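To keep things clear, I will list the structure first and then write my remarks on it.
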Amino acid sequence: MRIADPDADDAAVADALRRAGLPLGDGLDLDTPVGEGGRQLSGGQRQRVSIARVLLKDAPVVVLDEATAALDAESAAAVAEAIRLLRGHRTLLVIAHRLDTVRSADEILVLDGGRLVQRGTHDELAGQPGVYPGFLADVVAADGWRVRAQYS
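In the UniProt record's numbering, the protein residues as written are 1 to 152.
As structure tokens, this is what we get:
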């Protein structure tokens with residue numbers, strides 16, 4: 001954590017972790033060994049530690065590349081909330097394929113084959129023909145998908 005701000009005191013580090021959705025407790029404290037690259041943390045915990053570092057550093061520009069892609073729903077929600085806290089205080093460039101991650105963006109840039117094909121807010125793009133409405137249709141179709149148990 002102190003890579004972001006070597007002069008940060010324990011209270012500042014704990015506050016950044018709390019705001020990133022990773023409060024201390026439940027076996028996690030400032031002295032918890034996390035292993036090289038955080039390998040002893042879950043994917044969601046690693047993402048939230050990264051966001052806590054951003055909060056501690058107070059970086060003016062932040063790039064988040066697929067921050068919620070490989071997370072379970074609970075961890076993704078916690079990371080999405082932490083991203084929401086970053087909004088309005090710095091420039092965020094969020095690269096994502098999850099609707100919940102991009103829906104509230106000030107501006108969405110839609111790429112197809114490496115080319116910019118659409119640009120606008122969620123509501124603007126949803127009402128236009130193009131790639132984004134197809135993405136929305138895929139999300140709706142996937143949301144309706146369920147595994148059903150068969151009993152004999």
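Idealized CB from N, CA, C, for every residue including glycine.
Bear in mind that the values here come from a model prediction, so they are computed numbers and not experimental data.
Looking at the DSSP output, G120 bridges to I108. Taking a C-beta distance under 7 Å as the contact criterion, R19 and L85 qualify as a contact pair.
Considering only L41, G43, I83 and H89, the residue with the shortest C-alpha distance to P60 is H89. Here the C-alpha atom of P6 lies approximately 13 Å from the C-alpha atom of D58. Here the C-alpha atom of I3 lies approximately 14 Å from the C-alpha atom of L30. Across the structure, Q45 and D72 are spaced so that their CA atoms are roughly 11 Å apart.
Per DSSP, the continuous alpha helix (DSSP H) segment holding L55 begins and ends at G43 to K57. With a threshold of 16 other beta carbon atoms within 10 Å, V54 meets it and is buried.
Look at G25 here: in three-state DSSP terms it is strand. If the five residues before and after L17 are omitted, its C-beta is found closer than 6 Å to the C-beta atoms of A52, all from its own chain and listed in chain order. Going by DSSP, V34 is part of no alpha helix (DSSP H) at all; its letter is neither H nor E. For D65, the enclosing beta strand (DSSP E) covers residues V61 to D65.
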